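Undergrad: Please find one structure pasted underneath; my questions will follow.
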Amino acid sequence: MKKVFLVASSIIQDDTSGFITEYEKKGCKIDGILILSRQSGFFYRLRYFIRIIYLLKPNKLIKYITNFIAFIINKTTYRKIVSQWGNKSLFKFSEKKVNLETYAKQNKIPLYHSAGFNPIQLSDICKHETLFVMYGGGIVDDKIINIRNAEFINTHMGKMPTYRGMNVIEWAVLEGNEPYATTMLMNSKIDDGEIILEKKINIAKANSISSLREQGFIACYKLMAEAICKYKSREIGKTKQIGRPRYYYRMHPKISVILEKKLLVNK
Amino acid sequence: MKFKSFKVNKLYLFSHAKKVLLDNLDIIGYTLEYEKSLNLTMGWIEESFNSTKDGGSSAGYIFSSGWKSSYPETTGYLIPTLIKYFNLTNEANWKDLAINAADWLLSIQDKTGGWQGLQVDEKCETRVFNTAMIIEGLKEIYKLNNNEAYFNSIQTATNWIIGTIENNLFIKNNVVGGGAFDSLVCYCLLLDKSKYNLTKESELKVLSVLDSICSLQQENFSFKRCCFEMDEKMLLHHLGYTLDGLLLSSKISGENKYYETAFDTCSKLLSLFEVNKYLPALLNSDWTYYKDLGNKSSQCLTGNSQIAICFMRIYQYQGDLRFLNAALKLIDIVTSISNYKSNNRGISYGVAGSYPINGIYHQYQFVNWGAKYHVDSILLANSILKKLGK
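Quick note, the sequences are listed as chains A and B, same order.
Take the first sequence: its position 151, counted from the start at 1, is 150 in numbering that gives the first Met the number 0, and no numbers get skipped.
Take the second sequence: its position 301, counted from the start at 1, is 300 in numbering that gives the first Met the number 0, and no numbers get skipped.
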């Protein structure tokens with residue numbers, strides 16, 4: 000049986016809470032937690048000092064001055080224009096929140112804090128085959144991916160390889176296709192890994208982009224729990240992605256408006 | 000900044016200095032509603048006509064000397080834009096501007112059939128590319144009033160261009176000929192070909208030129224001969240002409256290969272734009288960004304609008320929403336940057352050559368072709384969004 004380590008970026012997250020709840024419902028337990036941020040101890044306090052120095056960097060100062068001037072003369076900046084593209088997940092997570100520190104203490108499992116993936120620490124954890132359930136850490140580089148006995152797993156809100164990239168549940172619905180969640184092994188490319196499990200997302204209740212994303216979000220952590228249970232016990236294997244990949248990017252607000260209307264009409 | 004540049008570009012003037020300063024601080028306007036940006040840009044275009052008094056549109060406003068004189072090439076391809084805007088607003092002044100522009104163009108046509116390059120106050124030989132852009136405008140105005148004079152002018156100009164096609168099936172290589180962007184020349188010749196009695200022989204010649212242009216595409220989908228001065232680089236503006244010419248030619252000739260060639264390059268541009276959040280004025284042949292401002296690249300705003308139009312044509316052809324999505328973002332960029340009010344009417348709501356304005360493409364200038372493509376991109380986007388929203 001493979002070990003399962005949960006990777007998060009903070010102590011309380013909606014997706015890790017959902018995953019743990021679902022995973023336990025299936026009678027499974029995680030074997031350890033890795034939090035990839037400086038949340039406690041010396042580094043946590045040092046962070047604030049570093050941040051002050053960071054904020055005083057010349058290019059940061061120029062950014063603040065620029066934003067201030069733009070505000071005074073009723074203008075904006077190029078950065079802000081570009082950052083307004085894309086849909087935000089504006090839904091409230093209604094399930095029970097799980098504090099990972101408390102959870103680790105209660106279940107007597109190890110919890111590590113780290114600024115990022117540390118190859119030495121990972122090699123130590125991976126004496127046996129270990130699955131890392133990724134809810135933090137972003138794109139993992141080759142050096143980490145290739146650590147012996149380690150497999151990194153994430154779940155994506157789209158069918159692979161046709162819906163890679165961002166806002167894919169929205170794109171699938173807008174294009175008239177059924178949205179999927181896919182659990183896959185990570186490699187150093189974006190959304191390129193082998194597939195473990197995929198499932199259709201039920202969007203019957205979705206009448207807005209926000210509720211659509213909520214349905215997708217819930218489907219993703221449920222699928223992750225199911226896939227990890229089955230994969231660690233070798234009940235299921237992995238398959239390569241077949242077909243021509245298509246990458247999607249953040250949805251422009253004008254297209255989001257059209258999707259919102261479509262979702263309302265469908266309702 | 001060198002003192003000479005400061006003096007020549009009159010950066011001591013408040014309106015000039017403010018624009019340069021804000022651009023270099025990356026401070027721009029809010030993204031206006033497309034309708035509003037359209038009307039404001041058309042206001043600038045009207046000003047460009049009023050500034051010349053001969054019927055043509057000024058090439059643009061340049062910091063060093065103010066409004067330039069009329070530019071035959073861009074006046075020519077502004078005609079379809081004026082007519083589209085007239086159809087939208089039903090305001091007769093836009094139609095009058097288009098007719099006056101066409102009449103002025105007839106009055107300055109060379110006896111060979113071509114039109115001179117550059118602006119009218121500069122001495123320049125007749126040029127194929129410029130002539131073809133005027134043909135497009137005249138074809139549009141001929142649809143409007145069936146005036147024989149336009150028809151004859153188009154015929155003479157077309158024959159002159161066909162005569163410049165060389166044995167190697169490229170258009171004669173002068174300063175602005177023989178480039179990949181001649182795909183747009185081909186489109187202008189093929190447009191309404193039956194109405195203008197384009198012979199089968201001539202049509203085949205034009206299609207052969209398009210085939211030769213396709214052969215300029217490299218394995219990584221970049222194009223050769225896509226920049227006047229530097230063959231190893233691609234100017235986004237010229238790439239825009241090239242791709243638009245191929246897409247439009249494919250549509251009217253029914254030849255899918257031109258579409259496929261353009262699609263491959265557009266796909267590359269799409270991912271570059273979405274990842275980097277901007278396209279540079281100049282691209283190296285390996286698709287890296289050419290940094291004309293030391294450690295960063297400037298943008299060519301005309302190129303942005305042209306690429307947005309190409310993306311929207313791809314969306315119209317195969318319904319790929321990713322291209323429409325990127326096109327709208329590119330339009331947003333130009334809309335925000337051109338949302339700039341000034342007491343100087345040459346600057347107010349015009350479309351600059353570069354962003355920041357001291358970038359490599361038409362430095363310290365607001366160009367009428369930038370305004371034209373911005374308007375065209377908005378008109379196309381509005382019609383697509385209207386259909387998509389139904």
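Yeah, the Cβ is synthetic: ideal placement off N, Cα and C, and Gly gets one too.
Bear in mind that the values here come from a model prediction, so they are computed numbers and not experimental data.
Figure out for me which residue from B:323, B:341, B:299 and B:126 has the closest Cα to the Cα of residue 309 of chain B.
TA: B:323
Undergrad: Three-state secondary structure (DSSP) at residue 36 of chain A?
TA: coil
Undergrad: Given 8 Å as the limit, is there contact between the stretch 237-248 of chain A and the stretch 215-227 of chain A, that is, 3 or more CB pairs closer than that?
TA: no
Undergrad: Mind checking if residue 321 of chain B is an interface residue toward chain A, Cβ cutoff 9 Å exclusive?
TA: yes
Undergrad: Taking Cβ positions only, does residue 174 of chain A come closer than 9 Å to chain B?
TA: yes
Undergrad: Can you have a look at residue 355 of chain B and say buried or exposed, based on whether 16 or more other CB atoms are within 10 angstroms of its CB?
TA: buried
Undergrad: Compare the C-beta of residue 253 of chain A against all C-beta atoms of chain B and say whether one is closer than 9 Å.
TA: yes
Undergrad: Excluding sequence positions up to five away, which residues of its chain have a Cβ less than 8 Å from the Cβ of residue 98 of chain A?
TA: 10 and 11
Undergrad: Please list, in chain order, the chain A residues whose beta carbon lies closer than 7 Å to that of residue 390 of chain B.
TA: Residue numbering for chain B in the displayed model covers 0 to 389; residue 390 of chain B lies beyond these limits and cannot be assessed.
Undergrad: Between residue 249 of chain A and residue 90 of chain A, is the Cβ-Cβ spacing less than 9 Å?
TA: no
Undergrad: Could you tell me whether the Cβ of residue 68 of chain A comes closer than 9 Å to any Cβ of chain B?
TA: yes
Undergrad: How many Å lie between residue 256 of chain A and residue 386 of chain B at the Cα?
TA: 14 Å
Undergrad: Can you list, in chain order, the residues of its chain whose CB lies under 8 Å from that of residue 166 of chain A, leaving out five sequence neighbours each side?
TA: 85, 86, 247, 248, 249 and 250
Undergrad: Given residue 344 of chain B, which residues of its chain have a CB within under 7 Å of its CB, disregarding the five upstream and five downstream residues?
TA: 46
Undergrad: Between the alpha carbons of residue 200 of chain A and residue 100 of chain A, how many angstroms are there, rounded?
TA: 31 Å
Undergrad: Give me the chain D residues within the contact set of residue 230 of chain A, using Cβ-Cβ distance strictly less than 7 Å, ordered along the chain.
TA: The structure shown has no chain D; the protein chains it does contain are A and B.
Undergrad: Check each candidate in B:43, B:28 and B:108 and name the one with the smallest Cα separation from residue 80 of chain A.
TA: B:28
Undergrad: Residue 28 of chain B CB to nearest chain A CB: under 9 Å?
TA: Among the CB atoms of chain A, one or more fall inside 9 Å of the CB of residue 28 of chain B.
Undergrad: If the cut is a Cβ gap below 9 Å, which residues of chain A does residue 332 of chain B touch?
TA: 77, 80 and 81
Undergrad: From the beta carbon of residue 25 of chain B, is the nearest beta carbon of chain A less than 9 Å away?
TA: yes
Undergrad: In whole angstroms, what separates the C-alpha of residue 169 of chain B from that of residue 183 of chain B?
TA: 13 Å
Undergrad: How about residue 69 of chain B and residue 80 of chain B: are their beta carbons less than 9 Å apart?
TA: no
Undergrad: Taking Cβ to Cβ, would you say residue 37 of chain B is nearer than 9 Å to residue 381 of chain B?
TA: yes
Undergrad: With DSSP as the reference, identify every bridge partner of residue 365 of chain B, one or two as the case may be.
TA: B:60 and B:351
Undergrad: Of all Cβ atoms in chain A, is any one closer than 9 Å to the Cβ of residue 273 of chain B?
TA: yes
Undergrad: Kindly list, in the order they appear in chain A, the residues whose Cβ is closer than 8 Å to that of residue 384 of chain B.
TA: 253 and 257
Undergrad: Span of the alpha helix (DSSP H) holding residue 333 of chain B?
TA: 320-337
Undergrad: Let me know the secondary structure DSSP gives residue 381 of chain B once reduced to three states.
TA: Per DSSP, reduced to three states, the secondary structure at residue 381 of chain B is helical.
Undergrad: Alpha carbon to alpha carbon, how far is residue 53 of chain A from residue 86 of chain B? Give it in angstroms, no decimals.
TA: Residue 86 of chain B and residue 53 of chain A: Cα-Cα distance of roughly 55 Å.
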